[in-house]
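Data block below; observations after.
Number of protein chains: 2
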Amino acid sequence: MSSENSVGVVAAQRVRFASPLLLKSGAELPGFELVFETYGTLNAAQSNAVLVCHALSGSHHIAGHYADDPENVGWWDNLVGPGKPLDTRKFFVVGVNNLGGCYGSTGPLSVNPATGRRYGADFPMVTVEDWVAAQARLADHLGIATWAAVVGGSLGGMQALAWSIQLPQRIRHALVIASAPKLSAQNIAFNEVARQAIVSDPDFHAGHYAENGVIPTRGLRLARMVGHITYLSDSQMGEKFGRQLRHGAHNFSYDVDFEIESYLRYQGDKFARFFDANTYLMMTKALDYFDPAYEYDGNLAAALARAQASFFVASFSTDWRFAPARSREIVFALLHNRLRVAYAEIECDAGHDSFLLDDPHYHSLLRAYLENISV
Amino acid sequence: MSSENSVGVVAAQRVRFASPLLLKSGAELPGFELVFETYGTLNAAQSNAVLVCHALSGSHHIAGHYADDPENVGWWDNLVGPGKPLDTRKFFVVGVNNLGGCYGSTGPLSVNPATGRRYGADFPMVTVEDWVAAQARLADHLGIATWAAVVGGSLGGMQALAWSIQLPQRIRHALVIASAPKLSAQNIAFNEVARQAIVSDPDFHAGHYAENGVIPTRGLRLARMVGHITYLSDSQMGEKFGRQLRHGAHNFSYDVDFEIESYLRYQGDKFARFFDANTYLMMTKALDYFDPAYEYDGNLAAALARAQASFFVASFSTDWRFAPARSREIVFALLHNRLRVAYAEIECDAGHDSFLLDDPHYHSLLRAYLENISV
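These protein sequence lines are chains A and B, in that order. Heads up: the first sequence is residues 1 to 375, going by full-length UniProt numbering. Heads up: the second sequence is residues 1 to 375, going by full-length UniProt numbering.
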C-alpha cells in the first residue's frame, strides 16, 4: 500500500511517436512508444512540470499504486506526493520508462516493425543523450516547453545533467543526486562482470533468448548480485548482516551459511524473474558511455559551459559506487561556469541506495530546494 | 626468467601421509599427499625454517623457476632468495600447496581411494585450521619442531595467525600481511557471487564436471573477474586503465570498449584455463569460515590468549578488501595479550595485491624484521 500523503491510485499512459529518432550510435529508430505516469496538475503557464528520471532498474512508476495492484508502490513514493518534498500540490510530476526499458516503452522486448519479431539483441544501443531526446518528445507531447526541474539519482542524475547541457533552454533546475560525471574504471569493471555473466549464460542466445523461448536467468541473477553489493555500504552490510549464520552453525557445504548469502541470492532471484537481460546490458552501457566531457578533451567545465540551469547536487558519505568526490567534480565544473549550485554531502549509512531513502536531513534539503523553485 | 638473486632452478617434492586426518567439519580424510618446495638449507639446530603460506590462487612454487619451464617463476620470488628480505642464505624456506589445492596436493582433482574416481565435489571441505594441521605433518616430516616464522599474505596471513593459536609452541614469529581476523559481510558477499557463478554454470555438474569431461569455464572466469576487482584499488585501476578506449572510439556494441574490460576478460580467461573450480569454491569457504574469535563469543583477544609468537602485521593504505582497520583489529587483540607486535600501515597504491609487490618501504620493513629473527 502507498504511504501517507500518497498520490493514491495512478495509471500508466502511453504515447507513440511516429517520426524516426536518430540515435547517438548513428542507428535510427523508426518511431517508438513511451510509457509514463503523471502526478499533480500541469498549471496554465505550464511552468510547474518536473521530470523524474529513473536509474538502472527503475521505471515510470514513481509514486502511488495501481488500482488492481495496491502493493506495487512507486519506487520514489517517499519523495513524490501531496506535502512531500516533491509536492504534487505544487508540481506536475512526470515519470517515464526510458527508451529501451522493459516496463512498456519500446525496447528489446518490443516487436521490430521491420521483421515482425521481437528486437532482442537487434534493438539499437541507446545512450543517456538519446533518453534526453526521447524525453523531450514526451515534453512536447505534454505541452511542456521547459521543465521546472529534472530530477534523478545515480543514472537518473546523469540524465538531469545531460538535460542541462543538451537542451539548456528547456530546464530551469537540475537535481543530480548520488551521481557522477562519468564512470571510473572500477565502475566499468563491475558493469562488465554483470554483462559477461549475462552474455555467457547459455540461455542468452546472443540476445535472442525470447525468440528461443528462454531467459538467461543465471546471468541476470549474477549481474544483480554483484550490482547489489555496490549499492550497499560495507558498514551497512556489516550492521544488517555481519557474519550472522542462517542455521546457527557452519554447514561445511555450499548451502547458505551466512545471512548475507541468503539475501543476495534472494535479490538475484527476484530480479531475474522480471527484468529483461537485453535492457540490463544496454543500461550498463549507457552508464559506461556517459561522459559529457569526452568531446571536450576531458574538460567537464567546458562541457557544462552551455548549461543555464540552477543545480542541486547531493552525495552520500558511504556511497562508494559514486563517492562524494565524484559529485564534487560536477560541482567544481558548475562553479567554474558561475552557475548556481547547492551542494550537500549527506551523512547516511546506506551507501549508494541512500538516494532512495527518506533520510531526514536529505529530504529536508530536497524539500527546501524544491520549495524555492518558482512556478 | 627468475629475478636477480634468484634461488635459481627449483623442483617440487611430494610427501604422502598415510594416517587419516580428522577435519574441522567432522569428515575424515584417509591419508593425503602434499606437494612442496624448499629453498636454502635447514641448519643443524633446525631453527631456521620458515613456512610461507599461499592465498586463494597461490601454490607451493614461491621462488625460483623450473629447469624445464624457465618462465614459471615463483609467485613471491621478489621476497625469497639470497640477499632478499626472506634471505635463503639464512633461512630454510618451505612452500606447500595446501590440502584441497589444485597444484598437486591431494584435492578435488585427486582420485578418491574409496571409489577409484576423482573426488570432485566429494572432496571434504577443508578449513584454515585443517591446513595448519596438514602443514604440521609436513613440518614433522622435514624434522622441524618449531618454525622460526610462518609468513603469509591475505588468506596466507590467516594461516600464520591460526598457527599462532593452534600450535603456539611450534611458531616463534608470525608475519600476517594484508589480512583480517575474519571476513566482513561484504567480503563474504563477493565470495558468494564467485561461488554462484561457478555452481550455476551448466558445466559444473554439481561439482562432478571432471567425471563429465567438461570444465565450468564460464563460472570460473566470472569468479576471477569479480575477485580481481577486489584485489586492485580504485585509484590504481583509474591510473592504469581509466576510461582508455581499446579502439579509440565507442563501439556501441558489447565488444570491448574500454581497456579495463579487455584486462578483466583476459584475467578471467587465463585463470579459467588452469584453476580447478572445486578448489576455488573450497578456498572461498575457507576464507568465509575463518574466524578464530567464533568460539570465544567474538572475542579475538580471548582467541589469541594462547599465542606465544612475536608478530609482524602489515596492511596497505589502498587495500579495500582487507583494509588497514582489519589489521588493527589483530594488533589490538595481540597487544591486549601483551604479545610483541610490529605493525606497519604502508602507503601503496596497488590495493590488496600490494602484498605481492616489492614496494621499497614494505620490503625494507620485512627485511628488518626478518634480519632480527635469531636462528
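C-beta atoms are modelled at their ideal positions from N, C-alpha and C, and glycine is treated no differently.
Inset, instruction - Just mark T115/A as buried or exposed, buried being the case when its beta carbon has 16 or more other beta carbons within 10 Å. - result: The residue is exposed, with fewer than 16 neighbouring Cβ atoms inside 10 Å.
Legend entry - Exposure label - M1/B; buried when at least 16 CB within 10 Å: Reliability fails at M1/B, whose pLDDT of 49 lies under 50, so the model's placement of it is uncertain and no value is given.
Legend entry - C-alpha gap between K285/A and V150/A, whole angstroms: 22 Å
Inset, instruction - Return the bridge partner residues of I188/B from the DSSP annotation. - result: Paired residues: none, contrary to the question.
Legend entry - V341/A: first and last residue of the uninterrupted alpha helix (DSSP H) it sits in: Unbroken run through V341/A is the beta strand (DSSP E), V341 to I346; no alpha helix (DSSP H).
Inset, instruction - Have a look at G157/B, R326/B, G120/B and G8/B and flag the residue whose alpha-carbon is nearest the alpha-carbon of C53/B. - result: G157/B
Inset, instruction - Under 6 Å Cβ to Cβ from F271/B, same chain only, skipping five residues before and after it: list those, please. - result: Residues of the same chain with a CB within less than 6 Å of the CB of F271/B, apart from the 5 flanking positions on each side, are R224 in chain order.
Inset, instruction - Decide yes or no for the touch test of the stretch 258-268 of chain B against the stretch 177-192 of chain A: beta carbon pairs closer than 8 Å, at least 3 of them. - result: yes
Inset, instruction - Determine the DSSP secondary structure at V176/B, reduced to helix, strand or coil. - result: strand
Inset, instruction - Classify A11/B as helix, strand or coil using the three-state DSSP reduction. - result: coil
Legend entry - chain B within 8 Å of G120/A, Cβ atoms only: No - not a single Cβ of chain B is within 8 Å of the one on G120/A.
Legend entry - Under 8 Å from the C-beta of K182/A: neighbouring residues of chain B: Residues of chain B passing the Cβ test: R243.
Inset, instruction - Determine the direct distance from the alpha carbon of M282/A to that of H173/A, and round the result to whole angstroms. - result: 27 Å
Inset, instruction - Just tell me which of E129/B, D203/B and A145/B has its CA closest to the CA of W163/B. - result: Nearest Cα to W163/B within the set E129/B, D203/B and A145/B: E129/B.
Inset, instruction - Taking only the alpha-carbon atoms, compute the straight-line gap between S179/B and S327/B and give it to the nearest angstrom. - result: Rounded to the nearest angstrom, the two C-alpha atoms are 6 Å apart.
Legend entry - A314/B - partner residues in DSSP beta bridges: According to DSSP, A314/B bridges with I177/B and A344/B.
Inset, instruction - Would you list the residues sitting across from R243/B in a DSSP beta bridge? - result: DSSP, once it has assigned bridges, lists no residue as partnering R243/B.
Inset, instruction - Excluding the 5 residues preceding and the 5 following S25/A in the sequence, name in chain order all residues of the same chain whose CB lies nearer than 7 Å to its CB. - result: P124 and M125
Legend entry - Collapsed DSSP secondary structure at R321/B in the structure displayed: coil
Legend entry - chain B contact residues for Q196/A, given Cβ-Cβ distances below 9 Å: R218, R221, L222, M225, E261, L264, R265 and G268
Inset, instruction - Please go through the same chain and pick out, in chain order, the residues whose beta-carbon is closer than 6 Å to the beta-carbon of A350/A, but skip the five residues on each side of it. - result: Q236 and L357
Legend entry - Contacts of L281/A in chain B (Cβ-Cβ under 7 Å): Y254
Inset, instruction - Going by CA-CA distance only, name the one from D122/A, S105/A, Y103/A and V226/A that's closest to N112/A. - result: D122/A
Inset, instruction - Can you check DSSP and say which residues form a bridge with G95/B? - result: E37/B and V52/B
Legend entry - Contact set for Y362/A: own chain, Cβ-Cβ below 6 Å, skip 5 residues either direction: I346
Legend entry - Residue environment, V9/A, which counts as buried when at least 16 other CB atoms sit within 10 Å: exposed
Inset, instruction - Could you check what DSSP says for M1/B in three-state terms: helix, strand or coil? - result: At M1/B, the pLDDT of 49 sits below 50, so the modelled position is not reliable; the number obtained from the coordinates is stated separately. M1/B falls in the coil class under three-state DSSP.
Legend entry - When Y39/B, L21/B and P30/B are compared against A12/B, the one with the closest alpha-carbon: Y39/B
Legend entry - Min CB distance H250/B to chain A below 8 Å: Yes - at least one Cβ of chain A is within 8 Å of the one on H250/B.
Legend entry - Reduced DSSP category for I260/B - H, G, I as helix; E, B as strand; rest coil: Look at I260/B here: in three-state DSSP terms it is helix.
Inset, instruction - Using 10 angstroms around the beta-carbon of N48/B, count the other beta-carbons present and answer buried if the total reaches 16, otherwise exposed. - result: buried
Legend entry - Cutoff 8 Å: V193/B Cβ touching any chain A Cβ: yes
Inset, instruction - From the DSSP output, in three-state form, read off N112/B for me. - result: Strand.
Inset, instruction - Kindly confirm or deny that the stretch 311-323 of chain A and the stretch 209-223 of chain A touch, where touching means at least three C-beta pairs closer than 8 Å. - result: no
Inset, instruction - For P20/B, count neighbouring Cβ atoms within 10 angstroms of its own Cβ and tell me buried if that reaches 16, exposed if not. - result: exposed
Inset, instruction - Please name the residue or residues paired with W147/B in a DSSP beta bridge. - result: I171/B
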